[in-house]
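2 protein chains.
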Amino acid sequence: MSDNLVMTAMNYASDRPPASNPVKIMDLSLRDGHQSLFATRGRTEDMIPVAEMLDEVGFWALETWGGATFDTMHRFLNEDPWERLRTLKRYAKKTPFSMLLRAQNLVGYRNYADDVATAFVDRSAENGMDIFRTFDALNDYRNFETVVRQIKKSGKHFQGCICYTLTEPRLGGDVYNLDYYVGKAKELVDMGSDSICIKDMAGMIAPYDVYEMVKALKAVVTVPIHLHSHFTSGMASMSQLKAIEAGIDIIDTCMTPYAYRTSHPAIEPLVMTLLGTNRDTGFDIRKLAAINEVLEKQILPKYKHLLDDSKISIIDINVLLHQTPGGMLSNLVNQLREMDALDKIDEVYKELPRVRKDLGQIPLVTPTSQIVGVQTVNNVLHDTPEERYKMITGQVKDLCYGLYGKTAVPIDAEVQKKALKGYPRGEEPITCRPAEVLEPELEKAKAEIGDLAVDMDDLLIYAQFPVTGRKFLEWKYGRAEVPASVKPITMESVKKLDELVKKAKAGELVERKTDTPAKSERVRTFNVFLDNEYFNVEVDPTGDVPVMAAPRAAVAPVSAAAPVAAPKAVVTVAAAPNTSPAAEAHGTRMLAPMPGMIIKYLKNVGDVVTKGEAIVVLEAMKMENALVAPCDGIVKGIKLKSGDTVAKGAVLCFIE
Amino acid sequence: MSDNLVMTAMNYASDRPPASNPVKIMDLSLRDGHQSLFATRGRTEDMIPVAEMLDEVGFWALETWGGATFDTMHRFLNEDPWERLRTLKRYAKKTPFSMLLRAQNLVGYRNYADDVATAFVDRSAENGMDIFRTFDALNDYRNFETVVRQIKKSGKHFQGCICYTLTEPRLGGDVYNLDYYVGKAKELVDMGSDSICIKDMAGMIAPYDVYEMVKALKAVVTVPIHLHSHFTSGMASMSQLKAIEAGIDIIDTCMTPYAYRTSHPAIEPLVMTLLGTNRDTGFDIRKLAAINEVLEKQILPKYKHLLDDSKISIIDINVLLHQTPGGMLSNLVNQLREMDALDKIDEVYKELPRVRKDLGQIPLVTPTSQIVGVQTVNNVLHDTPEERYKMITGQVKDLCYGLYGKTAVPIDAEVQKKALKGYPRGEEPITCRPAEVLEPELEKAKAEIGDLAVDMDDLLIYAQFPVTGRKFLEWKYGRAEVPASVKPITMESVKKLDELVKKAKAGELVERKTDTPAKSERVRTFNVFLDNEYFNVEVDPTGDVPVMAAPRAAVAPVSAAAPVAAPKAVVTVAAAPNTSPAAEAHGTRMLAPMPGMIIKYLKNVGDVVTKGEAIVVLEAMKMENALVAPCDGIVKGIKLKSGDTVAKGAVLCFIE
């Protein structure tokens, strides 16, 4: 954006007098923006070019950390999450940073012990975090206690979230009504919340409902109210406007290239909308345009391939139909597809609200959305309609025991009893704060990881992510080779790929042989006319008459592929994977039912197991799945280990 | 969508009591939806599967025709536009149809004579059109007179549009202020408007501005007010909500897959937003979901490749910065790129508001956006800053003469004088209704096209589109072969292409030779089994010793391409256009400055011309460009004819 451009934009964006009650804006581009659109794959090096510019806009805060970033960075990007925090702080010195903290779950997927939670908040504050946006999937604020104590001790801003969910298609009904939210807000104030966030992670809050809610909250609490509403259902822009009219203090938005779809509305149209009103943001839209220019041209081409382009629609009206997070339904669809059971999708839609109700009408957000989703699939695929909950996941058992906290309404007594039958911690559910039953974990983690964790920051990576965290520390300290898959994508490779795709679309590409056989002395070259195209083919005679190479390796046996017109010719194909069927014949194969990562084997080679006994724990969809023996027998042929990634159908072991 | 799905969606969408003042909805999917997102390429066969379903929703109207559809259908789709109207009417019998009519421009790009205008409206009504949404780019309603007379005579609904444009970044200032719009609304009522549309083609109307405007219009007129606001800038959802709160009667939306980006907000989130209010649409969201399912899965995969995916952003904040239609700026950028002058973009941004002001501060919409855009580029590229308007387009001259109508403020006197110097119709601008100076055109058109136009519908295609219309009629009546490029895309070809792109991304493709060598006598044929299919393969040995054929045909003379390593081998390339350089040496070449279509040659071979004299009319960007002789001389070597498409740099003729 040049000065000329700025001139034509007139002066509406500069030097206007401040509004009487400007709405404050938090920018989510560097956390929820890329988490929503690009699988959280944003790299620190791609945030640095805009960090200073973002710092100049006048945002109330920049969300830069937490949520899935901690997991993704160390797991997929070979980046130290703590380092990002420190680095960005060097570029954006003025604007406070905010992080999404999953309360006692920290930035992982289970409740961690108090010692881990306290240390994590302490280190986050020390590394530069200013605002701790804290949520609990069940809105059970006992799960806030430990982290809030440390947030306050560190002298930082505690923003308490109320996860927004519905009993009916719109606000009201008998659980998640206005009284519920007002009550939760009061609880948060009593806990010392410096601000309160309405966290609408599924984009379900309707404009007139948020209007009513903000009015109601403003009537009973004095701390600032903050709206976080995903665009997923298409309502968020309208909801923001109504919330602003109702007097909300702070709104979450993204820069345009990170906005919309499952992310958040963009800031720029809101700036124009509020221009000249008492809620004018005061932002200079030209500064925003300059940031967008950098993002669109220099940064986002590297991430474009991560954008979900499976649909034309940019919103997901399933959110309106089912009141469930958009991503949750896609996950279910993928899960069913991987199990070749996509025909059961309608049963899943029907079962889902029943399971949610059975489990205490819990809000659907990480991790409860996965808990409800996976159990729903289990009920549909493995149980008869009469006997549901035959196969209950470990997480549902934990939930029934009380490990996640207190549900909004009691869990169905029969389901709870079934779930806790033989549960190792006890068949009687707890009623205390969940973390109270957890033993301290830091010492144990330190003993396990040893010197590989050089400091507390390292240890906190391992404590939350024992498998991938250890892997990362091995990369970090040069104890293991960094795989190519975690290395950055360059603009050069993006351009090459774009060029390739363009050519493929134009029909200028043909398939290549996947392996290159060594050329013999007798190679001859032919022009081959095939399917209306000429190919330049090198032929390596394997006999006395001219033969040809296939441009693509045939999977069928070579003998069957010999051209009729040239009986002695042999089509030389790429070396096929030589997996002899005989090698697999020594037992019942136990296959991975879905792609995932091996967390650990519960059995070793030689162990005697009975049908239904858990053999291996596979992480998929952020859930740990215990996979059970398909038959009685002895475990054989374990070739994989913790941390290995497996495809669907991979052989996990044999039961002989 | 199955019954099960419907069950879980609860009953919020059915049988609820009607609202006291339901907002009415027009669906634009079948016209503006695909015009905005898919270059107007939607085919009738792809509308039929949802036409009956759309008819059941309860829309106030379905926009199905007009705008660019008439042009695109006959030009690019080999479809008779009239036939679409009749066909869709057979499937959607209950809901009225609406079309976008460019007033005296009909569905073309210039003012047509009254006889053409009257016949066109008459035939549209006869073929099934119910609502004529009529606009004029200058809001000069004298251009409505002829069509309105016929709309009324045909007993149809006349919806008068006010094109929304701005003087300043927001509503107000000294031309396009609230008084202007109220005045225009009164004019429309006086003309007999059955409803009034605020036509915000660029997505520039801000929420609180439309609120104020709707309140003001409702205070002075009694006919229904209708809002048409593109999502381009990201404000439209909010603007719709504020318009509804202000009491607007009718809103334009699209089905979700056709919504957002440069199109319109989706209907589904609005249905949920208004649920239970006095403005509840009354729509069953499950019916809408069922339509979306068909569109997403069966129809839109065929159009996905037309979606502009050059940017990640789904909105264009240039609209907010420059108050110009999003597409207009992209066109300018493309035009500059084609002229290798992209470095001038900032000068263009600066010049654009100046040109607009010079030309009477005209609204920017087809065709005025192109008129202003092209003249802006001319001023920047061809003139010195001191002497602008050295090269004035024909359209600007027509505008200055008054052929488009009266501008909101007078055209700059100096520019007008410059433009009309030597203007064939006269140097003194007219002040009458523009079409009054046009001679009747139908008789002449009939004489030109002869029997190729079987009826009035055919004739009206030709009368508006003499070049492409004639081509289409030749296809229609079997007088010319239908080129492959206008044939429908099939799901099979889409899948194949997707597969190819996937493989290209995975690096499984390599480049192929683009040219087809001629077959030699030694060709041998084989049946080759390849990738589970048999192919008939012809093999042409290229020599006695192994040779490497060039992977791509050289454009250089054949003799030079003979591989050194194999003197006897000849790389046979596709018959290259055998333009000997010597043949080009007999004059100064006149090259196409941009890709386009030849409208007509104004000179013939042998004509003596002087430098600057117009030789050929090239259509590009929907604008006719008269290309002038680069020097004095005699015209030679015209090889092209009307209707031919040329690439940038194509030789149009020589001046000897």
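Sequence order for the protein chains is A and B. According to my numbering, the first sequence is numbered sequentially starting from 1. According to my numbering, the second sequence is numbered sequentially starting from 1001. For each residue, glycine too, the CB sits at the ideal point set by N, CA and C. Everything numeric in this text was worked out from a predicted model, so none of it was measured.
From the options, residue whose alpha carbon lies closest to that of residue i
i         : options                                    : result
B/LEU1359 : B/CYS1653, B/VAL1223, B/LYS1418, B/PHE1038 : B/LYS1418
A/VAL57   : A/ASN21, A/VAL271, A/PHE144                : A/VAL271
B/PHE1076 : B/ALA1629, B/GLY1405, B/VAL1617, B/PRO1483 : B/PRO1483
B/GLY1282 : B/VAL1616, B/ASN1292, B/VAL1608, B/PRO1022 : B/PRO1022
B/ALA1236 : B/LYS1215, B/GLY1108, B/ARG1261, B/ALA1216 : B/ARG1261
B/GLU1083 : B/ASN1127, B/ILE1392, B/ASP1055            : B/ASN1127
B/ARG1031 : B/PRO1049, B/LEU1336, B/PHE1097            : B/PHE1097
A/SER330  : A/LEU442, A/GLN370, A/ARG354               : A/GLN370
Residue i to residue j span [Cα, whole Å]
i         : j         : result
B/LEU1591 : B/ARG1470 : 26 angstroms
B/GLU1386 : A/ILE285  : 32 angstroms
B/ALA1408 : B/ILE1362 : 6 angstroms
B/PRO1265 : B/HIS1228 : 10 angstroms
A/MET201  : B/ASP1343 : 43 angstroms
A/ASP451  : A/ALA219  : 54 angstroms
A/TYR303  : A/THR256  : 15 angstroms
A/PRO166  : A/TYR180  : The residue you asked about is not Pro; residue 166 of chain A is Leu in the sequence shown. Going from the Cα of A/LEU166 to the Cα of A/TYR180 covers about 11 angstroms.
A/LEU403  : A/VAL396  : 10 angstroms
A/LEU459  : A/VAL333  : 37 angstroms
A/ARG356  : A/ALA103  : 22 angstroms
A/LYS89   : B/ALA1246 : 46 angstroms
A/TYR389  : A/ASN604  : 29 angstroms
A/ASP190  : A/ASP140  : 14 angstroms
A/THR431  : B/PRO1169 : 59 angstroms
A/GLU347  : A/MET594  : 20 angstroms
A/VAL374  : A/LEU85   : 34 angstroms
B/ALA1185 : B/GLU1212 : 14 angstroms
Chain A contact for residue i (CB, 8 angstroms cutoff)
i         : result
B/ASN1004 : Confidence is the limiting factor: at B/ASN1004 the pLDDT is only 26, short of 50, which leaves the residue's position unreliable, though a coordinate-based value still follows. Yes, contact with chain A.
B/MET1053 : no
B/LEU1101 : no
B/GLY1234 : yes
B/VAL1380 : no
B/ALA1659 : For chain B, the structure presents residues 1001 to 1656; residue 1659 of chain B sits outside this window and is missing.
B/PRO1563 : With a pLDDT of only 29 at B/PRO1563, under the threshold of 50, the placement of this residue in the model should not be trusted; the figure read from the coordinates follows. No, because no Cβ of chain A sits closer than 8 angstroms to the Cβ of B/PRO1563.
B/ALA1266 : yes
B/SER1098 : no
CB contact below 8 angstroms: residue i versus chain B
i        : result
A/PRO22  : no
A/GLU56  : no
A/LEU711 : Outside the displayed range of chain A (1 to 656) lies residue 711 of chain A, so it cannot be described from this structure.
A/GLY276 : yes
A/ALA504 : yes
A/ARG279 : no
A/MET272 : yes
Beta-bridge partners of residue i, as assigned by DSSP
i         : result
B/ASP1200 : B/SER1229
A/PHE158  : A/PHE132
A/THR645  : A/MET597
B/LEU1627 : B/VAL1616
A/LYS24   : A/ILE250
A/ALA506  : None, per the DSSP bridge assignment.
A/SER195  : A/GLN159
Contact list for residue i against chain D, beta-carbon separation under 8 angstroms
i        : result
A/ASN292 : Reference to chain D is not applicable here, since the protein chains of this structure are A and B.
- prompt: Mind pulling the beta strand (DSSP E) runs of 3 or more residues that sit fully within the region 91-152 of chain A?
  reply: 97-101, 131-134
- prompt: Which runs of the beta strand (DSSP E) fall wholly inside the region 262-341 of chain A and span at least 3 residues, in chain order?
  reply: none
- prompt: Where are the alpha helix (DSSP H) runs, 4 residues long or more, that stay fully inside the region 366-454 of chain A, in chain order?
  reply: 368-382, 394-401, 413-420, 442-449
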